[in-house]
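What follows is a set of notes on a single structure, which appears directly below.
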Amino acid sequence: MRLPHITKSRRHLLSLASVAALAPLSAQVSAETITVATVNNADMVVMQSLTSEFEKAHPDITLDWVVLEENVLRQRLTTDVATQGGQFDVMTIGTYEVPIWAKHGWLTKLDNLPEDYQVDDLIKPVRDGLSVTEGEKKGLYALPFYGESSMLYYRKDLFEQAGIEMPEQPTWSQVNDWAAKLNSADEGVYGICLRGKPGWGENMAVLGTMVNSFGGRWFNEEWEPQLDSPAWSEAINFYVDMMGKYGPPGATSNGFNENLALFSSGKCGMWVDATSAAGKLYNPKESSVADKLGFAPAPIAKTEKGSHWLWSWALAIPESSKSKDAAQTFITWATSQEYVNLVGEREGWASIPPGTRVSTYENQSYKDAAPFAGFVMDAITSADPTDPTLEPVPYVGVQMVTIPEFQSIGTQVGQMIAAALAGQMSVEQALSSAQRSTERTMRQSGY
């Protein structure tokens, strides 16, 4: 069979067609893949869902996601960064890890951010918490994805039915009394929901602020552990007793996400937790109590000092990454005003990542959609990690102690208190064991 004659011009057109057909494949092959490790919180799930928006704007970069539960994420990232494993190009870490890891030389300093990123728009306490503030390593080492403090959420309809009026500043004693009135376990409504899942960033986040407010502290000025002090005993006995009477069953399995699900489905009369939950709870698509939600400052006991925490989930680039430029392109996009506006338009303004930029709290669309906006800004800016306790302390941190040993100490103490909450030991036994364990760790570390 004789093949048809192909003219020079037709060969040229076929060649162009072949190049055009292969172009998308070539672009795909040449795209640089970066691996992003993040926590399975709602705001991060939204970030992952917007992958196509980022890749459309940056076709030379492909995102590969590793999304993990909070405690698992922390273990994986700590192991990887300490061993320079290089598994991840972007790490979701917080105000505890950033200054410590930066001083170890494990994180990339972010000193060449583009001018249009507007770094001065970042809320100062949040930005400072992600920086080394003195010495040769001084600088910013992570960009805040969202920032938060803590506050009290409550059901206005249940309060009204019970004849309870929320004061300007609630106390833990009042919260206990209200929980007794609101508790209706037979109807599936529990008076109070608090974190019980063990972990330095889970149950100990809430309990750290509770202990502060009861007049306690982690260490005295000589770095001697104070877990067997009267203030710790009073605070933890109060917590275990209240949760045992008025909290949901199986509370030792409940962290932030589990309690968010419980409250948003109408199963909690009150919940003390992160201000970052407010947008989800006010969103009727995600919360059955959106039109019944009230909020107030985090409760206090003997003092307001350290009664509400300061935290930021942030995006950092480990020194072990081989794709630092692509990683910086991503983290500047995901923490930018542009991203905030994108989420506001797609998900609703109440659902944007809060607590990072001054401009967010000046945005009329956000203020109209989020009646809690000013309240949250005040909570974030009034939390003082440098003066968190009634008595003086040698450390920085409200709900945490920013020393490398705290990750282990906080988790061990959290496990012992969870055992007391589960009825496996008394509070006194838990705190005695926690004191001995912490003394041993601090002694081995040379304090």
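Residues in the sequence shown are numbered from 10 upward in steps of one, following my numbering. Positions of the beta carbon are idealized from the N, C-alpha and C atoms, including for glycine.
Run the CB neighbour count on residue i, radius 10 Å, all protein chains shown included, and call it buried at 16 or more, exposed below.
i      : result
LEU152 : buried
GLN235 : buried
THR92  : exposed
GLY156 : buried
GLU79  : buried
ASN221 : buried
ALA30  : Residue placement at ALA30 is flagged as unreliable, the pLDDT there being 46, under the threshold of 50; the coordinate-derived value follows with that caveat. The residue is exposed, with fewer than 16 neighbouring Cβ atoms inside 10 Å.
GLN37  : For GLN37, the predicted structure reports a pLDDT of 46, less than 50, and the residue's modelled location is therefore unreliable. The matter cannot be settled from this model.
SER35  : Residue confidence for SER35 is low, a pLDDT of 43 falling below 50, so the modelled location carries little weight; the figure read from the coordinates is stated next. Exposed, by the Cβ-count rule.
ARG449 : exposed
ALA66  : exposed
GLN433 : exposed
THR395 : exposed
PRO123 : exposed
ASN372 : buried
Would you mind working out which of the options sits nearest residue i, comparing C-alpha positions?
i      : options                           : result
ALA310 : ALA270, ILE109, LYS147 and LEU399 : LEU399
TYR456 : ASN229, VAL90 and HIS67           : ASN229
LYS147 : GLY114, MET175 and TRP322         : GLY114
TYR248 : THR341, SER368, LEU430 and VAL54  : LEU430
ASP387 : VAL135, VAL54, GLN57 and ALA51    : VAL135
GLU356 : LEU59, ALA40, SER39 and ASN50     : LEU59
VAL385 : PRO397, PRO401, ARG366 and ASP396 : ARG366
GLY518 : TRP74, ALA336 and ALA428          : Nothing can be reported for residue 518, as the shown portion of the chain is limited to 10 through 456.
PHE265 : GLY138, THR42, SER285 and PRO68   : SER285
GLU243 : PHE223, TRP232 and SER262         : PHE223
TRP320 : GLN433, VAL407, TRP181 and LEU82  : VAL407
GLY197 : THR395, SER441, LYS276 and ARG452 : LYS276
LEU191 : GLN453, PRO257 and THR218         : PRO257
MET451 : TRP322, TRP227 and TYR348         : TRP227
TYR318 : THR341, GLU124 and LEU161         : Looking at the sequence itself, residue 318 is Trp, so the reference to Tyr does not match. Nearest of THR341, GLU124 and LEU161 to TRP318, Cα basis: LEU161.
Going along the chain, which residues of its own chain have a beta-carbon closer than 7 Å to the beta-carbon of residue i, five neighbours each way excluded?
i      : result
ALA325 : MET100, ILE102, VAL107, LEU116, TYR150 and ALA151
THR411 : TYR105, PRO108, ILE109, TYR404 and VAL405
SER273 : LYS289, LEU290, GLU295, SER296, SER297 and VAL298
GLN178 : PRO306 and ILE309
ALA188 : GLY200, ILE201, MET251, TYR255, GLY278 and MET279
GLU62  : LEU351
ALA382 : TYR370, TYR375 and LYS376
PRO33  : Here PRO33 scores only 47 on pLDDT, less than 50, and its place in the model is too uncertain to base an answer on.
ALA359 : GLY288, TYR291, ASN292, ALA378 and ALA379
ALA111 : VAL141, LYS146 and TYR150
MET175 : TYR163, PHE168, GLY303 and ALA305
Give me, in chain order, the residues of the same chain whose beta-carbon lies closer than 6 Å to that of residue i; leave out the 5 immediate sequence neighbours on both sides.
i      : result
GLY364 : TYR155, GLY156, GLU157 and ILE389
GLN96  : ASP89
VAL215 : LEU203 and ARG204
GLN444 : PRO234, LEU236 and ASP237
GLN57  : TRP74
SER422 : As written in the sequence, residue 422 is Val, which differs from the Ser given in the question. If we look at VAL422 and ignore the five residues flanking it on each side, its Cβ neighbours are ALA443.
THR71  : ALA40 and THR42
ASN185 : MET251
MET213 : GLY419 and GLY423
When every heavy atom of the ligand MN is checked, does at least one fall within less than 6 Å of the C-beta of residue i?
i      : result
LEU139 : Among the components of this structure there are no ligands whatsoever, and the ligand MN is therefore not found.
What residues in its chain sit with their C-beta under 8 Å from that of residue i, if we drop five residues either side in the sequence?
i      : result
LYS333 : ASP98, THR117 and ILE326
GLN300 : The question names Gln, yet the displayed sequence has Asp at residue 300. PRO293.
LEU25  : At LEU25, the pLDDT of 41 sits below 50, so the modelled position is not reliable; the number obtained from the coordinates is stated separately. Excluding residues within five positions, none has a Cβ falling inside 8 Å.
ALA439 : ILE245, MET425, ILE426, ALA428 and ALA429
VAL54  : VAL76
Check whether chain C comes within 7 Å of residue i, counting only Cβ atoms and requiring the distance to be less than that.
i      : result
SER435 : Protein chains in the displayed structure number just one, and chain C is not present.
I'd like the ranges of any alpha helix (DSSP H) spanning at least 4 consecutive residues and lying wholly in the region 135-209.
165-171 and 181-191
Answer yes if the region 206-220 comes into contact with the region 407-424, meaning at least three C-beta pairs across the two stretches below 8 Å, and no otherwise.
yes
Do the region 168-185 and the region 44-51 meet, that is, are 3 or more Cβ pairs less than 8 Å apart?
Taking 8 Å as the limit for Cβ pairs, the verdict is that the region 44-51 does not touch the region 168-185.
Hey, which unbroken runs of the alpha helix (DSSP H) at 4 residues or more fall wholly within the region 238-269?
With a minimum length of 4 residues, the continuous alpha helix (DSSP H) runs that stay inside the region 238-269 are 239-255.
What runs of the alpha helix (DSSP H), each 4 residues or longer, lie entirely inside the region 384-437?
415-430
What runs of the beta strand (DSSP E), each 3 residues or longer, lie entirely inside the region 274-314?
Counting only runs of 3+ residues, the beta strand (DSSP E) found wholly inside the region 274-314 occupies 279-283 and 302-306, in chain order.
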